[in-house]
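Start counting the sequence shown at 264; every next residue gets the next number (the working numbering). Ideal Cβ placement from N, Cα and C applies to all residues, glycine included.
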Amino acid sequence: MDKFAKTILQSGQTTISNYLLKNYPKLGMTSDQLVIYLQIKRNIDIGNYFPDINDIANSTGFTNAKAYQVLHELVEKKLMRIKTLSNAKGQDFDVYDFSLMYEKLSELNQDVSNDEIISNDNFASNNTSAEITESDRKKVFNSIESEFGRPLSPIEIETINQWINDDKYNPQMIKLALRESVLNQVYSLKYMDRILVNWEKANITTPADVERNRRNHEQKYSKNAKFGDKSSQNKPDIPLFKIDK
Numbered sequence: 264m265d266k267f268a269k270t271i272l273q274s275g276q277t278t279i280s281n282y283l284l285k286n287y288p289k290l291g292m293t294s295d296q297l298v299i300y301l302q303i304k305r306n307i308d309i310g311n312y313f314p315d316i317n318d319i320a321n322s323t324g325f326t327n328a329k330a331y332q333v334l335h336e337l338v339e340k341k342l343m344r345i346k347t348l349s350n351a352k353g354q355d356f357d358v359y360d361f362s363l364m365y366e367k368l369s370e371l372n373q374d375v376s377n378d379e380i381i382s383n384d385n386f387a388s389n390n391t392s393a394e395i396t397e398s399d400r401k402k403v404f405n406s407i408e409s410e411f412g413r414p415l416s417p418i419e420i421e422t423i424n425q426w427i428n429d430d431k432y433n434p435q436m437i438k439l440a441l442r443e444s445v446l447n448q449v450y451s452l453k454y455m456d457r458i459l460v461n462w463e464k465a466n467i468t469t470p471a472d473v474e475r476n477r478r479n480h481e482q483k484y485s486k487n488a489k490f491g492d493k494s495s496q497n498k499p500d501i502p503l504f505k506i507d508k
């Protein structure tokens with residue numbers, strides 16, 4: 264095998280949402296910030312969840328100072344945060360987290376607007392596969408392929424067909440499960456399946472149910488945060504790379 268071709272294969276690939284590439288300016292994201300995100304995403308994809316600033320700078324052509332500046336900008340714009348997690352041994356480690364960016368991106372997504380959610384409130388949960396048009400089915404496949412950034416495998420196609428034909432999941436619910444997966448940066452049908460199963464167990468069967476469930480969780484989180492530990496409220500500002508989880 265050609266040496267260059269071997270290097271390409273060994274380097275692996277990084278999948279980026281086309282929706283992000285198309286809409287990142289609408290998030291207030293600059294090209295420099297996108298480049299930094301791409302380099303961090305590249306590292307995350309190979310298991311390095313907190314790449315060294317020198318690696319980021321070398322990969323972008325930025326100076327270390329410039330790279331730090333762009334990272335600060337991402338945090339200030341609430342597109343990125345740094346979380347501290349613990350491994351099985353109880354050891355803490357930091358990770359770059361872009362879930363805030365994907366939450367903002369989801370707000371731009373017009374596929375499932377609030378008006379659409381309300382209009383779907385009457386959507387029967389027991390729709391049969393016969394009522395699902397081929398156009399609806401195709402849109403489900405296209406949406407998943409677009410977000411995953413790759414063609415679906417035969418097994419994945421079979422899984423989605425089973426969702427529609429056997430499990431009687433509505434295409435709108437599958438799209439919402441896809442949105443949840445994208446927000447959590449998990450591009451996996453297994454993850455989507457767990458979401459759909461959990462919704463079914465919780466009797467969440469329509470887009471309106473999903474929206475109400477989301478709002479209930481947000482209200483519960485806000486309430487807990489309001490009456491939670493107040494000891495941290497008067498703490499001074501913490502430098503970027505020592506942000507608490």
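By DSSP, does residue i sit in helix, in strand, or in coil?
i	result
I319	helix
T347	strand
F361	coil
F411	helix
F404	helix
D355	strand
M292	coil
N433	coil
V333	helix
V445	helix
I395	coil
N327	helix
With a CB to CB cut of under 6 Å and the five nearest residues on each side skipped, what residues in its chain are close to residue i?
i	result
R457	none
Q273	none
Exposed or buried, what is residue i when buried is set at 16 or more other beta-carbons lying within 10 Å of its beta-carbon?
i	result
L439	buried
S238	Outside the shown range of the chain (264 to 508) lies residue 238, about which nothing can therefore be said.
S398	exposed
E481	exposed
What span of residues does the alpha helix (DSSP H) with residue i cover, start to end?
i	result
L452	L452 to K464
Q425	P417 to N428
F267	K266 to S274
N281	N281 to N286
With the cut-off set at 8 Å, would you say residue i and residue j are in Cβ contact?
i	j	result
N447	L368	no
D360	K341	no
Suppose the cutoff is 8 Å on Cβ atoms and the five residues either side in sequence are ignored; what does the same chain contact list for residue i look like?
i	result
D265	none
If you drop the 5 nearest sequence neighbours on each side, which residues of the same chain put their C-beta closer than 7 Å to that of residue i?
i	result
E336	Q296
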